[in-house]
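These protein sequence lines map, in sequence, to chains A and B.
In terms of my numbering, the first sequence has 53 at position 58, counting the first letter as 1, and numbering is strictly consecutive.
In terms of my numbering, the second sequence has 403 at position 393, counting the first letter as 1, and numbering is strictly consecutive.
Each residue gets a CB set at the ideal place from its N, CA and C atoms; glycine is no exception.
It should be emphasised that the depicted structure is a prediction, and the values quoted were computed from it without experimental measurement.
A short write-up of the structure that comes next.
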Amino acid sequence: MEPVFGFREHAHTADWELEVWAPDLPGLLEQSARGMHALSGMRLQCGLLQTRSITLHGEDTESLLVRFLTELLWLEQEEGLGFDDFSIAVDSQYNLQAELRGSAIANLDKEIKAVTYHNLAVQTSEQGLRVTIVFDV
Amino acid sequence: MITLHDLKRISDYEWEIPKSYREDMRVPVRLFATRRLLEEVVKDKSLEQAVNAATLPGLVGHVIVMPDMHQGYGFPIGAVAATRLPDGVISPGGIGYDINCGVRLLGSQISFDKARPHLDALATALNHFCPSGVGGKGAVHTTDAELEAVCRQGSRWAFKQGFASEADLRRTEESGCVEGADPNKVSKRAHERGRPQLGSLGAGNHFIEIDLVEQVFDPTAASVMGLEQGNLAVQIHCGSRGFGHQICTDYVEEFQGAVRRFGIHLVDRELVCAPLDSPEGQSYLAAMRCAANYAFANRQILANSARKAFEQVLAGRVKDWHLHQVYDICHNMGKIEMHIIDGERMKVCVHRKGATRAFGPGSPELPDEYKPIGQPVLVPGSMGTASWVLVGTEASMMQSFGSTCHGAGRLMSRHEAKRNIRGEKLIQDLEASGIHIRAGSMAGLAEEAPQAYKDVDQVVEAVVGAGIARKVARLRPLAVIKG
Chain A
-4 MEPVFGFREH AHTADWELEV WAPDLPGLLE QSARGMHALS GMRLQCGLLQ TRSITLHGED
56 TESLLVRFLT ELLWLEQEEG LGFDDFSIAV DSQYNLQAEL RGSAIANLDK EIKAVTYHNL
116 AVQTSEQGLR VTIVFDV
Chain B
11 MITLHDLKRI SDYEWEIPKS YREDMRVPVR LFATRRLLEE VVKDKSLEQA VNAATLPGLV
71 GHVIVMPDMH QGYGFPIGAV AATRLPDGVI SPGGIGYDIN CGVRLLGSQI SFDKARPHLD
131 ALATALNHFC PSGVGGKGAV HTTDAELEAV CRQGSRWAFK QGFASEADLR RTEESGCVEG
191 ADPNKVSKRA HERGRPQLGS LGAGNHFIEI DLVEQVFDPT AASVMGLEQG NLAVQIHCGS
251 RGFGHQICTD YVEEFQGAVR RFGIHLVDRE LVCAPLDSPE GQSYLAAMRC AANYAFANRQ
311 ILANSARKAF EQVLAGRVKD WHLHQVYDIC HNMGKIEMHI IDGERMKVCV HRKGATRAFG
371 PGSPELPDEY KPIGQPVLVP GSMGTASWVL VGTEASMMQS FGSTCHGAGR LMSRHEAKRN
431 IRGEKLIQDL EASGIHIRAG SMAGLAEEAP QAYKDVDQVV EAVVGAGIAR KVARLRPLAV
491 IKG
């Protein structure tokens, strides 16, 4: 039986395609972040705890997802930080507030250029939310 | 799912998905491919993506897809689409995140026989002089003012800093500088990402490769380019790094709102676009040109670094170790060009995403020495297979908006490549076949294995068969540097 939350990679000829599922939107955002980090082979240093707070707004679920992951990519590429502990809250107007905890990145196997909107549609079911994200690499 | 039965055969190398295939298509899709390549193409979603691209407002002629096509996001990789000015649209997703990703080819008078004992040292020196890898910083760290100058001047900035010769500029598409760039249309984040990365290769499918000119098919054209059978050449494949990625990200976001304002209905949100004559369209065009110029300067600095590497290893050991520029071409660009469409000469915005401009003989955009032969087209293979030097033709001007293929094109998904290929074993195999490898990431290397790509010779056969390019020379890899 499939766990209630998780992610798995699908075949994509040129880029990376990640299916993500979770019971709710904060869970979906967290699993998407974990999946993105896993795809790029991110390993964190066992050093000083680094924390960041982010506030974002989306027009809908999909744009919030893209903006959240894009923000993580920015922190990864510009500050060299990765995160493995997330506290995420989203209100009904797609306003996100997140506390991110992690540390400096020890290793990245692959660079993600961007999070795309390609065929991006968050599906809702009785089990929760599910989405497939394509990353440009 | 589109099948071979949905395609109308025009010739052995040309096929069409008619406009009637789907109600929302504004133009047909024209494919250049052999039947064998098409059988592979229908296995992924590239043709669906081409049909989606054919729904954009203001398209003219056909949406073209090249034989190296494969599934991407929004547009497929290997697509060319032209929209009419002034009210047709421009789509950042139809150009890609790595704006002006492209290839530069340097030729030499260095014979393979004389260079053979030094190839390993050359690979090491190139790896040393040309920074690469995930998030890698560049050879040149620019200030804000310098980055603005790079945005406006491209390779001309590199020339002023002593990284380029006049011949380098002349033998670069657009002479290494697209006019109309405006750094004020570029976000602070893009500036921050761009400043430290100038003069770096990056990772992924980007590479520097030492090649042997193995076979010459057109001695006249090869001679004009300074390519001689048995001599070395160097290819540099990279783009606008984080600067371009950020610009595309910013405008794909901004255009999510623009499509609503302009009432444009899309089948895929990655196809977001804005009319060329709108403030949004003009802003993106100006920002995209900044990234294009950054990429020209980036490849120019890397070419200068490659020259330093050759000097360090070969000076005093080989008589003439200099590297001269053959040409520098763009793969991912939106350009305003004049073309004849349905008998009418019109100004259009040509989106090339994983496709190369291939202007025919006599085109005024070419440097004088290339006007008689047509524009050089550089088609890299994969690490273990051949690359090609082609030239554009009169037919490419009429059939494909002066465009042709850009590479071998992926065949295997990255997921499958990672599962089936080990980077360490791949290096052993390539070294055993005489190819020196320097790679930053084993996982990254495995994804880029030759087995993951189509047969580049088949791709070239298709574009030559269709008449949209002509063979000049075939190159064989001797050393590859991957980030």
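As a quick exercise: from the options, pick the residue whose alpha carbon is nearest that of residue i.
{"i": "Ile339 of chain B", "options": "B:Asn110, B:His72, B:Pro96, B:Asn62", "result": "B:Asn110"}
{"i": "Gly106 of chain B", "options": "B:Asp178, B:Ile246, B:Cys258, B:Trp167", "result": "B:Cys258"}
{"i": "Ser175 of chain B", "options": "B:Ala442, B:Ser406, B:Tyr337", "result": "B:Tyr337"}
{"i": "Val129 of chain A", "options": "A:Phe2, A:Pro(-2), A:Ala17, A:Arg38", "result": "A:Phe2"}
{"i": "Gly209 of chain B", "options": "B:Ala305, B:Ser413, B:Met356, B:Leu388", "result": "B:Ala305"}
{"i": "Gln118 of chain A", "options": "A:Thr56, A:Leu34, A:Leu51, A:Met31", "result": "A:Thr56"}
{"i": "Leu41 of chain B", "options": "B:Asp465, B:Arg32, B:Lys53, B:Pro28", "result": "B:Pro28"}
{"i": "Val223 of chain B", "options": "B:Gly240, B:Thr13, B:Ala213, B:Ala232", "result": "B:Gly240"}
{"i": "Ala472 of chain B", "options": "B:Met76, B:Arg251, B:Glu26, B:Glu49", "result": "B:Met76"}
{"i": "Ala200 of chain B", "options": "B:Gly450, B:Arg424, B:Arg420, B:Tyr261", "result": "B:Tyr261"}
{"i": "Gln245 of chain B", "options": "B:Tyr463, B:Ala396, B:Lys170", "result": "B:Ala396"}
{"i": "Arg327 of chain B", "options": "B:Ala302, B:Ala268, B:Asp123, B:Ser250", "result": "B:Asp123"}
{"i": "Thr13 of chain B", "options": "B:Glu49, B:Pro38, B:Thr44, B:Asp22", "result": "B:Glu49"}
{"i": "Ala93 of chain A", "options": "A:Asp79, A:Asn102, A:Glu106", "result": "A:Asp79"}
{"i": "Cys161 of chain B", "options": "B:Met298, B:His334, B:Lys329", "result": "B:Met298"}
{"i": "Leu44 of chain A", "options": "A:Met37, A:Ser27, A:Leu76, A:Arg29", "result": "A:Leu76"}
Can you tell me where the beta strand (DSSP E) with residue i in it begins and where it stops?
{"i": "Gln245 of chain B", "result": "241 to 248"}
{"i": "Tyr337 of chain B", "result": "333 to 340"}
{"i": "Arg94 of chain B", "result": "85 to 94"}
{"i": "Phe81 of chain A", "result": "76 to 85"}
{"i": "Asp361 of chain B", "result": "Inspection of the sequence shows that residue 361 of chain B is occupied by His rather than by Asp. Its beta strand (DSSP E) spans residues 354 to 363."}
{"i": "Glu224 of chain B", "result": "217 to 226"}
{"i": "Lys481 of chain B", "result": "480 to 492"}
{"i": "Gly123 of chain A", "result": "123 to 131"}
Check whether the Cβ of residue i lies closer than 9 Å to any Cβ atom in chain B.
{"i": "Asn90 of chain A", "result": "no"}
{"i": "Trp69 of chain A", "result": "yes"}
{"i": "Gln40 of chain A", "result": "no"}
{"i": "Leu62 of chain A", "result": "The displayed chain sequence assigns Arg, not Leu, to residue 62 of chain A. It does: the Cβ of Arg62 of chain A has a partner Cβ on chain B nearer than 9 Å."}
{"i": "Val129 of chain A", "result": "yes"}
{"i": "Ala28 of chain A", "result": "no"}
{"i": "Val126 of chain A", "result": "no"}
{"i": "Thr119 of chain A", "result": "no"}
{"i": "His7 of chain A", "result": "yes"}
{"i": "Glu25 of chain A", "result": "no"}
{"i": "Val15 of chain A", "result": "no"}
Under 9 Å, Cβ to Cβ, is there at least one residue of chain A near residue i?
{"i": "Leu421 of chain B", "result": "yes"}
{"i": "Ile87 of chain B", "result": "yes"}
{"i": "Tyr337 of chain B", "result": "no"}
{"i": "Ala7 of chain B", "result": "Because residue 7 of chain B is not part of the residues shown, which for chain B are 11 to 493, the question remains open."}
{"i": "Gln468 of chain B", "result": "no"}
{"i": "Ser56 of chain B", "result": "yes"}
{"i": "Asp278 of chain B", "result": "yes"}
{"i": "Gln322 of chain B", "result": "no"}
{"i": "Ser451 of chain B", "result": "yes"}
{"i": "Gln81 of chain B", "result": "yes"}
{"i": "Glu202 of chain B", "result": "yes"}
{"i": "Tyr31 of chain B", "result": "no"}
{"i": "Gly417 of chain B", "result": "no"}
{"i": "Asp108 of chain B", "result": "yes"}
{"i": "Val358 of chain B", "result": "no"}
{"i": "Arg199 of chain B", "result": "yes"}
{"i": "Gly344 of chain B", "result": "no"}
Name the two residues that bound the continuous alpha helix (DSSP H) containing residue i.
{"i": "Ala159 of chain B", "result": "154 to 163"}
{"i": "Phe122 of chain B", "result": "122 to 125"}
{"i": "Pro386 of chain B", "result": "Not the alpha helix (DSSP H): Pro386 of chain B falls in the beta strand (DSSP E), residues 386 to 389."}
{"i": "Arg309 of chain B", "result": "289 to 324"}
{"i": "Gly252 of chain B", "result": "251 to 271"}
{"i": "Asn137 of chain B", "result": "129 to 139"}
{"i": "Glu176 of chain B", "result": "176 to 180"}
Does the Cβ of residue i lie closer than 8 Å to at least one heavy atom of the ligand ADP?
{"i": "Glu58 of chain B", "result": "You won't find the ligand ADP in this model; it holds no ligand whatsoever."}
Report task. Output, in sequence order along the chain, the residues in the segment 247 to 272 of chain B whose CB is closer than 8 Å to any CB in chain A. Result -> Only Gly252, His255, Cys258, Thr259, Val262, Glu263, Gln266, Gly267 from the segment 247 to 272 of chain B bring a Cβ to less than 8 Å from some Cβ of chain A.
Report task. Pull out every residue of the segment 83 to 113 of chain A whose Cβ sits closer than 7 Å to any Cβ of chain B, in chain order. Result -> Within the segment 83 to 113 of chain A, the residues whose Cβ lies closer than 7 Å to some Cβ of chain B are Leu103, Asp104, Lys105, Glu106, Lys108, Ala109, Thr111, Tyr112, His113, listed in chain order.
Query - Completely contained beta strand (DSSP E) runs for the segment 6 to 32 of chain A, where each covers 3 or more residues - result: Within the segment 6 to 32 of chain A, the complete beta strand (DSSP E) segments at least 3 residues long are 11 to 17, listed from N- to C-terminus.
Query - Residues of the segment 41 to 60 of chain A with Cβ closer than 8 Å to any Cβ of chain B, in chain order - result: Those would be Glu54, Glu57, Ser58, in chain order.
Query raised in the report: Taking Cβ-Cβ distances below 8 Å as the criterion, which residues of the segment 142 to 167 of chain B are in contact with chain A?
Result: Hits within the stretch, in order: Val144, Gly145.
**Report entry** Where the segment 425 to 456 of chain B meets chain A: residues whose CB sits under 7 Å from a CB there
**Finding:** Residues passing the 7 Å Cβ filter: His425, Glu426, Ser451, Ala453, Gly454.
Requested in this report: Run through the segment 14 to 73 of chain B for me and flag every whole beta strand (DSSP E) of 3 or more residues, listed as ranges in chain order.
Outcome: The qualifying runs are 18 to 21, 24 to 27, 39 to 42.
Query raised in the report: Where in the segment 395 to 476 of chain B do unbroken runs of the beta strand (DSSP E), each at least 3 residues long, occur, reported from the N-terminal end onward?
Result: Taken in chain order, the complete beta strand (DSSP E) segments of 3 or more residues contained in the segment 395 to 476 of chain B are 397 to 401, 446 to 449.
Query raised in the report: Which runs of the alpha helix (DSSP H), 4 residues or longer, sit entirely within the segment 44 to 119 of chain A?
Result: Counting only runs of 4 or more, we get 56 to 74.
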